[in-house]
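The next block holds one structure in the form of structure tokens; read it before the comments.
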Amino acid sequence: MLTVTRLFFFVLVTPLLLIFLIAVYVTDKHPSVESQWLLSAKDIQRARMILNGQSAPDPTAALNTLRLEEKDLNIAANHLLNQYFDSTAEVHIKDNHFRFDSSIKLPFNSVNPYLNLGFTLRQENQHPRISQLTLGPLTLPDAYANTLIELLINRSDLDQYYLLATHQVQNITITRTALTLTYRWTPKTYAAAQQLLTHNANLEALRFYQQQLINTVAQHDPHWRLSLATLLQELFKASLQRGPPLDPVKENQAIILVTGLYTLQQDISVLFPKNTAPKSVPFIPVFMYQRIDIAQHFISSALLLSVNNAAFSARLGLKKELYDGHKGQGFSFIDLAANRAGIRLAQTATDQDKALILQKKMAAISSYKAFMPDVRALPENLSSAAFKQRYQSTDSFPYRQQVRQIDQKIAACSLYAPLKRP
47 MLTVTRLFFF
57 VLVTPLLLIF
67 LIAVYVTDKH
77 PSVESQWLLS
87 AKDIQRARMI
97 LNGQSAPDPT
107 AALNTLRLEE
117 KDLNIAANHL
127 LNQYFDSTAE
137 VHIKDNHFRF
147 DSSIKLPFNS
157 VNPYLNLGFT
167 LRQENQHPRI
177 SQLTLGPLTL
187 PDAYANTLIE
197 LLINRSDLDQ
207 YYLLATHQVQ
217 NITITRTALT
227 LTYRWTPKTY
237 AAAQQLLTHN
247 ANLEALRFYQ
257 QQLINTVAQH
267 DPHWRLSLAT
277 LLQELFKASL
287 QRGPPLDPVK
297 ENQAIILVTG
307 LYTLQQDISV
317 LFPKNTAPKS
327 VPFIPVFMYQ
337 RIDIAQHFIS
347 SALLLSVNNA
357 AFSARLGLKK
367 ELYDGHKGQG
377 FSFIDLAANR
387 AGIRLAQTAT
397 DQDKALILQK
407 KMAAISSYKA
417 FMPDVRALPE
427 NLSSAAFKQR
437 YQSTDSFPYR
447 QQVRQIDQKI
457 AACSLYAPLK
467 RP
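First residue of the sequence shown? That's 47 in the numbering used here, and the numbers climb one at a time after it.
Below, the structure written as structure tokens:
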């Protein structure tokens with residue numbers, strides 16, 4: 047559950063994120079933060095509890111309080127930053143202030159690859175104030191530092207995070223041992239925070255399902271192609287064993303993304319900082335109905351629809367060509383059918399009312415016939431002239447009738463039968 051704590055940490059790292067965007071030229075050959083916080087599974091769980099909230103704040107309470115010791119701040123800060131950068135951070139608490147330092151490794155600068163950043167957060171009149179803001183060898187005057195940060199926040203998309211957090215945080219107390227947040231939290235605020243902080247890519251879920259994929263591939267004979275149904279079934283089985291109860295839509299998105307990237311031979315590590323990327327896995331061609339292209343068209347359409355974010359798709363290097371068919375080989379109704387079936391799967395998987403039921407049905411499938419009909423008899427490799435002679439255009443009755451028959455075949459698959467609530 048998302049809480050004001052996560053918003054606070056977004057505000058905490060905002061100076062680092064903003065300065066990173068405008069001052070990448072202030073770089074160093076070596077990191078200023080040498081010690082690496084290697085987070086254990088227990089640490090990551092603790093970080094998740096801090097950022098997401100150990101329990102729901104009492105909506106009837108006027109104020110809620112959260113106390114964070116130095117170790118808590120270090121765990122949470124490193125966990126949050128590592129989701130975006132190859133980085134190391136350190137927080138040191140002292141009386142009435144704490145020091146935040148971080149070293150971010152830049153992938154595009156081999157000469158001076160490190161951006162060293164830091165600031166001191168002080169408590170003045172019960173309000174936080176930044177001082178000693180450093181960029182590599184530079185130290186900005188305090189007055190300019192606060193003005194610069196406020197200006198950058200107000201001119202960026204981060205102003206929504208900043209305003210929501212600062213309006214709810216009533217007091218920040220910094221002692222020699224801990225930082226204490228006193229904040230006001232209402233159901234309306236929670237809904238706003240949830241909308242702001244929900245990400246298209248849940249990196250922890252991606253890491254979990256990538257490991258399930260690795261296990262599945264390791265058990266398969268590398269001399270034989272791999273059924274797409276096998277991959278999807280094993281990952282959906284794993285989704286039912288994940289706990290505590292998680293959002294099935296986000297789990298389904300992660301499953302489709304992991305499966306899609308593997309099937310299309312795309313590198314999942316681009317979504318992770320280098321020090322947190324999951325292991326790679328040897329590639330085995332993935333097929334449906336003895337054809338690799340059917341599996342590729344199906345899963346690429348499902349992937350692009352489930353991601354539903356142009357910027358994120360661009361980051362993956364996924365383009366429309368993935369499901370447009372092989373250029374120069376003509377029009378294919380087989381490709382079209384695979385695309386439409388993939389879209390149907392993604393639509394069902396991301397429907398809040400059907401997502402969990404789909405997980406259970408996918409975990410019990412016996413073959414890909416459950417979600418993809420056999421369409422190998424459909425016309426393919428039609429040249430432009432042949433297509434016009436037979437179908438005239440995509441608005442003609444023969445073409446629309448062919449598409450309608452494809453949709454009927456897809457709808458007849460057992461996975462898309464009326465999904466009844468258990």
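For glycine and all other residues, C-beta sits at the position ideal for the given N, C-alpha and C.
Handout entry: Selection from I345, L272, F329 that minimises the alpha carbon distance to A384
Key = I345
Problem - Cα-Cα separation, Q287 to A300 - result: 15 Å
Problem - Straight-line Cα distance separating P464 from H76 - result: 59 Å
Practice task
Per DSSP, which residues does T180 bridge with? Please list them.
Solution key: G164, T185
Handout entry: contact_flag[the segment 112-129, the segment 190-197] where n(CB pairs < 8 Å) is 3 or more
Key = no
Exercise for the section: Kindly indicate which three-state DSSP category G306 falls into: helix, strand or coil? Expected result: helix
Practice task
Could you tell me if S149 is buried or exposed, where buried requires 16 or more neighbouring beta carbons within 10 angstroms of its beta carbon?
Solution key: buried
Handout entry: Which of helix, strand or coil DSSP assigns to Y335
Key = coil
Practice task
Spatial neighbours of L424 within its chain, please: CB distance less than 7 Å, with the 5 preceding and 5 following residues excluded, ordered by chain position.
Solution key: F379, I380, A383
Problem - Burial state of Q438 (16 or more Cβ within 10 Å) - result: exposed
Exercise for the section: Answer with buried or exposed for P174, where buried requires no fewer than 16 other C-beta atoms within 10 angstroms of its C-beta. Expected result: buried
Practice task
Spatial neighbours of R145 within its chain, please: CB distance less than 6 Å, with the 5 preceding and 5 following residues excluded, ordered by chain position.
Solution key: H138, T166
Handout entry: From N298, I218, L227, residue whose alpha carbon lies closest to that of Y255
Key = N298
Practice task
Answer with buried or exposed for F417, where buried requires no fewer than 16 other C-beta atoms within 10 angstroms of its C-beta.
Solution key: buried
Handout entry: P324 beta carbon less than 9 Å from that of R253
Key = yes
Problem - Residues bridged to R145 [DSSP beta-bridge criterion] - result: H138, T166
Practice task
Report yes or no: do the segment 271-286 and the segment 397-412 share at least 3 C-beta pairs separated by less than 8 Å?
Solution key: yes
Exercise for the section: Provide the residue span of the beta strand (DSSP E) that contains L112, from first to last. Expected result: 110-115
Problem - 6 Å Cβ shell around G493 - same chain, five flanking residues per side excluded - result: Not covered by the structure: residue 493. The range shown for the chain is 47 to 468.
Problem - Stretch-stretch touch, CB-based, cutoff 8 Å, three pairs: the segment 439-456 with the segment 301-313 - result: no
Exercise for the section: Helix, strand or coil for P174, going by three-state DSSP, please let me know. Expected result: strand
Handout entry: L278 to L303 span [Cα, whole Å]
Key = 11 Å
Exercise for the section: Classify K151 as helix, strand or coil using the three-state DSSP reduction. Expected result: strand
Problem - S133 versus D118: straight-line alpha-carbon distance, rounded - result: 17 Å
Exercise for the section: Return helix, strand or coil for T394, following the three-state DSSP convention. Expected result: helix
Handout entry: Where F282 falls: helix, strand or coil (DSSP)
Key = helix
Practice task
Could you tell me if H343 is buried or exposed, where buried requires 16 or more neighbouring beta carbons within 10 angstroms of its beta carbon?
Solution key: buried
Problem - Neighbour-count burial assignment, H125, 16 or more Cβ in a 10 Å radius - result: buried
Handout entry: Exposure of A401, with buried meaning 16 or more beta-carbon neighbours within 10 Å
Key = buried
Handout entry: Of the residues T396, V295, S326, Y414, the one placed nearest S333, counting alpha carbons only
Key = Before going further, note that residue 333 is Phe rather than Ser in the sequence given. The option with the nearest alpha carbon to F333 is Y414.
Practice task
Return helix, strand or coil for L424, following the three-state DSSP convention.
Solution key: coil
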